[in-house]
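Count along the sequence shown from 1, then add 671; that gives the number in the numbering used here.
Every residue gets a Cβ at the ideal spot worked out from N, C-alpha and C, and that includes glycine.
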Amino acid sequence: MAVRIQIDLSYDGTAFSGWAAQPGRRTVEEVLALAVGRVLRLAEPPRLTVAGRTDAGVHARGQVAHADVPEDAWAAATGAGPGTEAGRGANANAAGRVRWRLARALPPDVRVRGFAPAPDGFDARFSALWRRYSYRICDHPAAADPLRRHDTLWHPRCLDLAAMNAAAAALLGEHDFAAFCRRREGATTVRALRRLDWQRDAEGVAVASVVADAFCHNMVRALVGALLPVGEGSRAPDWPAAVLAAAVRDPAVRVVPPHGLCLEEVRYPEPGRLAERAALSRRVRD
672 MAVRIQIDLS YDGTAFSGWA AQPGRRTVEE VLALAVGRVL RLAEPPRLTV AGRTDAGVHA
732 RGQVAHADVP EDAWAAATGA GPGTEAGRGA NANAAGRVRW RLARALPPDV RVRGFAPAPD
792 GFDARFSALW RRYSYRICDH PAAADPLRRH DTLWHPRCLD LAAMNAAAAA LLGEHDFAAF
852 CRRREGATTV RALRRLDWQR DAEGVAVASV VADAFCHNMV RALVGALLPV GEGSRAPDWP
912 AAVLAAAVRD PAVRVVPPHG LCLEEVRYPE PGRLAERAAL SRRVRD
């Protein structure tokens with residue numbers, strides 16, 4: 672028997688080569704799997720499924736993953752007998768102790784905030800309703816905070832956020848985002864973009880909020896790259912929509928650097944609809 676564990680985590684992506692394990696490179700997946708395997712005393716690190724496979728240099732504040740681990744290993748780690756209700760759904764104190772051991776096993780640029788048995792039907796990737804990313808840009812380099820240089824893009828020209836928001840509004844909805852994605856064989860580029868807008872925070876930094884049911888590779892960074900020329904005044908607000916309609920990668924769209932991007936939140940339906948949502952997400956969209 673196996674227990675599916677939901678893992679809620681955050682990480683600073685600066686020193687990682689992205690989420691996915693790669694030979695000879697330091698990745699979040701490998702670091703986390705090794706720590707989980709050590710804490711639960713598994714024969715080998717568990718296989719992890721993640722809500723969003725972030726690229727090298729991208730951060731996460733609200734990442735979610737799951738792992739299927741042997742029930743007896745979970746029971747031993749939490750002090751509950753296998754096969755009992757406590758063994759499958761350990762109380763908060765027992766799960767909290769495991770989380771403390773994970774904190775000692777993990778490097779300081781990764782933190783696990785939640786580590787407990789998942790509800791029935793949960794799949795970290797396919798059960799998600801949507802993901803929310805942010806992208807931070809300081810367009811006043813003289814006022815840039817050097818302590819935020821690893822999570823904020825310094826941009827040399829002032830940006831007109833009203834123009835950028837007007838351009839972004841035309842991209843909302845379900846579309847083929849091939850113009851803003853790196854194509855993968857056999858994978859669809861149809862996505863439902865629910866939110867894309869810009870606001871300034873208390874320090875005057877321009878922050879994009881981007882929400883979609885899912886994202887294809889480089890999609891958020893390419894969308895931001897298409898909106899920057901609009902904010903600078905070198906492109907009209909209708910240009911990004913024309914790029915979208917063309918459905919081919921436009922060399923004029925610059926993919927912005929990864930360090931300004933952060934996965935902020937992954938939202939799931941109520942427990943009774945997790946399996947239904949996972950089945951729906953697996954369908955191929957035309």
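Would you kindly report the start and end of the unbroken beta strand (DSSP E) that includes residue i?
i	result
THR720	719-721
ARG709	Counting along the chain, ARG709 falls outside any beta strand (DSSP E), though it belongs to the alpha helix (DSSP H) covering 699-710.
SER805	801-809
Are the Cβ atoms of residue i and residue j separated by less than 8 Å?
i	j	result
MET672	GLU742	yes
ARG953	PHE793	no
LEU934	GLY689	no
CYS809	VAL729	no
ARG697	ALA686	yes
SER798	GLN734	no
ASP884	ALA863	yes
ALA736	LEU719	yes
VAL721	PRO778	no
LEU898	ALA839	yes
ARG807	LEU824	yes
VAL919	ALA849	yes
ASP872	ARG784	no
In terms of alpha-carbon separation, which member of the options lies closest to residue i?
i	options	result
SER905	VAL924, ASN889, MET890 and ALA917	VAL924
LEU773	ALA815, TRP869, ALA748 and PRO694	ALA748
GLN677	ALA795, ALA746, ALA704 and ALA727	ALA795
ALA738	HIS826, ASP921 and PRO717	PRO717
ASP726	ARG948, GLN693, ARG807 and ALA776	GLN693
LEU711	ARG770, ASP683, ARG732 and THR720	ARG770
ASP909	ASN836, ALA799, ARG775 and ALA765	ASN836
VAL901	LEU830, SER805, GLY708 and ARG782	LEU830
TRP869	ARG862, ALA879, VAL861 and THR860	ALA879
PHE851	THR860, GLU845 and GLY844	THR860
LEU842	VAL699, ALA916, THR720 and GLY767	ALA916
HIS888	PRO817, ALA873 and PRO929	PRO929
VAL621	GLY943, HIS826, ALA815 and ARG802	Residue 621 lies beyond the range of the chain shown here (672 to 957); nothing can be said about it.
PRO790	ALA814, TYR939 and LEU951	TYR939
ALA960	VAL781, ALA746 and LEU777	Absent from the structure is residue 960, since the part of the chain shown begins at 672 and ends at 957.
VAL926	ARG944, ALA913 and ARG853	ARG853
ARG709	ALA691, ALA776, GLY943 and ASP679	ALA776
ARG866	ASP872, GLY844 and GLY695	GLY844
PRO942	ALA731, ALA706, VAL699 and LEU800	LEU800
TYR782	LEU713, ARG948, GLY684 and GLU903	In the sequence under discussion, the amino acid at residue 782 is Arg, which differs from the Tyr named in the question. Checked all of LEU713, ARG948, GLY684 and GLU903; the closest Cα to ARG782 is GLY684.
Can you check DSSP and say which residues form a bridge with residue i?
i	result
SER681	ARG782
ALA731	TYR682 and LEU934
ALA737	Residue 737 is actually His in this sequence, not Ala. The partner list for HIS737 (beta bridge, DSSP) reads GLN677 and THR720.
TRP825	CYS809
ALA788	Position check: residue 788 holds Pro in this sequence, whereas Ala was assumed. DSSP, once it has assigned bridges, lists ILE676 as partnering PRO788.
Could you spell out the range, first to last residue, of the alpha helix (DSSP H) harbouring residue i?
i	result
VAL914	910-917
TRP745	742-749
ALA815	It is not in any alpha helix (DSSP H) - ALA815 carries neither H nor E in the DSSP assignment.
ARG948	945-952
Would you mind listing the alpha helix (DSSP H) stretches within the region 834-889 that are 4+ residues and don't spill past its ends, in chain order? Complete alpha helix (DSSP H) runs here, min 4: none at all.
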